[in-house]
Amino acid sequence: MSVTDAFDAVAGRYDQARRRLVPCFDAFYGTAVEVAAPPLRAALAAGRTPEVLDLGAGTGLLSLLLAAAVPGIRLTLVDGAPGMLAVAAGHLTERAVPHRTVHADLADPLPAGRYDAVVTALAVHHLDDDGKRSLYRRSAQALAPGGVLVNAEQVAGPTPTLDRRYDEVWTARITELGSDAEEIAGARERMRHDRPATVTDQCRWLDEAGLVDVDCFFKEWRFAVFGGRRPHSD
Ligand SMILES: C[S@@+](CC[C@H](N)C(=O)[O-])C[C@H]1O[C@@H](n2cnc3c(N)ncnc32)[C@H](O)[C@@H]1O
Numbered sequence: 039m040s041v042t043d044a045f046d047a048v049a050g051r052y053d054q055a056r057r058r059l060v061p062c063f064d065a066f067y068g069t070a071v072e073v074a075a076p077p078l079r080a081a082l083a084a085g086r087t088p089e090v091l092d093l094g095a096g097t098g099l100l101s102l103l104l105a106a107a108v109p110g111i112r113l114t115l116v117d118g119a120p121g122m123l124a125v126a127a128g129h130l131t132e133r134a135v136p137h138r139t140v141h142a143d144l145a146d147p148l149p150a151g152r153y154d155a156v157v158t159a160l161a162v163h164h165l166d167d168d169g170k171r172s173l174y175r176r177s178a179q180a181l182a183p184g185g186v187l188v189n190a191e192q193v194a195g196p197t198p199t200l201d202r203r204y205d206e207v208w209t210a211r212i213t214e215l216g217s218d219a220e221e222i223a224g225a226r227e228r229m230r231h232d233r234p235a236t237v238t239d240q241c242r243w244l245d246e247a248g249l250v251d252v253d254c255f256f257k258e259w260r261f262a263v264f265g266g267r268r269p270h271s272d
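Now the structure itself:
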């Protein structure tokens, strides 16, 4: 089963498990929203509709949080799992948030546009490292000057020992939060597709993609939020 099929198979119940499987949910997604918000607010102040591209958008969790924090944005959601996108479209339509969904692989050309923010959560770690670098390069090019790229991501530990520790801590936390054996087994099955990279490598790839002010803005064990900004003039 491909990674997108694995997510499609759980699309209807994906949202319910998120707060258990991402123990730092509020700080993690909240930081991504804070990092993405300034160029969106600047576009609104200039009388423009801010454009946001959400890569591997799934059921639209990050898109919905951004739309709630910065009303007036327009979203483009890309994902390879049509069932996940259908759930996202339902949520966004219910809240009257302007959006389009694009069923595509993250290796495909990005939907044409100049985006004030390119955001992504828990998706890029499904790509191999060349795929991640290519996506960062293409995302940086798709940004409007001053636009922000932010990735809320599951990352690898910098050493095998720390990586094992990240996994132990995650297992203990999700168990405390009520994930049962079936939920943990399902998550681990999907995680067989994971190819996480370290924060250090990924921030370097963002630098190499031409972004500035690259930083890791949040990190709690395997969950990290990092990103950068396209300069106002290249
Ligand atoms: C863990 S979910 C994250 C969804 C959402 N961003 C969130 O924060 O809840 C990962 C998503 O990435 C999508 N995905 C993984 N690899 C992909 C690829 N190569 N092309 C397109 N979508 C992909 C999956 O279909 C899934 O919806």
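In my numbering, the protein residues as written are 39 to 272.
Glycine included, each C-beta is placed from N, C-alpha and C at the ideal position.
Item: Just tell me which of C254, A225, D218 and G248 has its CA closest to the CA of T238.; Value: C254
Item: Could you tell me if S177 is buried or exposed, where buried requires 16 or more neighbouring beta carbons within 10 angstroms of its beta carbon?; Value: buried
Item: Per DSSP, W137 is paired with what?; Value: Note on identity: in this sequence residue 137 is His, with Trp being the wrong assignment. H137 is bridged to L113.
Item: Just verifying my parser: in three-state terms, what is the DSSP assignment at T267?; Value: The sequence given here has Arg at residue 267, not Thr. Of the three classes helix, strand and coil, the one that applies to R267 here is strand, per DSSP.
Item: Tell me, please, which residues DSSP counts as bridged to T158.; Value: L93 and N189
Item: Could you check what DSSP says for C62 in three-state terms: helix, strand or coil?; Value: coil
Item: Hey, how far is the Cα of A84 from the Cα of C62?; Value: 34 Å
Item: Return the chain-ordered list of same chain residues with a C-beta closer than 6 Å to the C-beta of A49, the five sequence neighbours on each side being excluded.; Value: G121, M122 and V125
Item: Flag F45 as yes when its Cβ comes closer than 7 Å to any non-hydrogen atom of ligand 1, and as no otherwise.; Value: yes
Item: Would the C-beta of H270 count as close to ligand 1, meaning under 7 Å from any of its heavy atoms?; Value: no
Item: Ignore the nearest five residues each way along the sequence and tell me which others in D245's own chain have a CB closer than 8 Å to its CB.; Value: V252 and G266
Item: Go ahead and pull the three-state DSSP assignment for P88.; Value: coil
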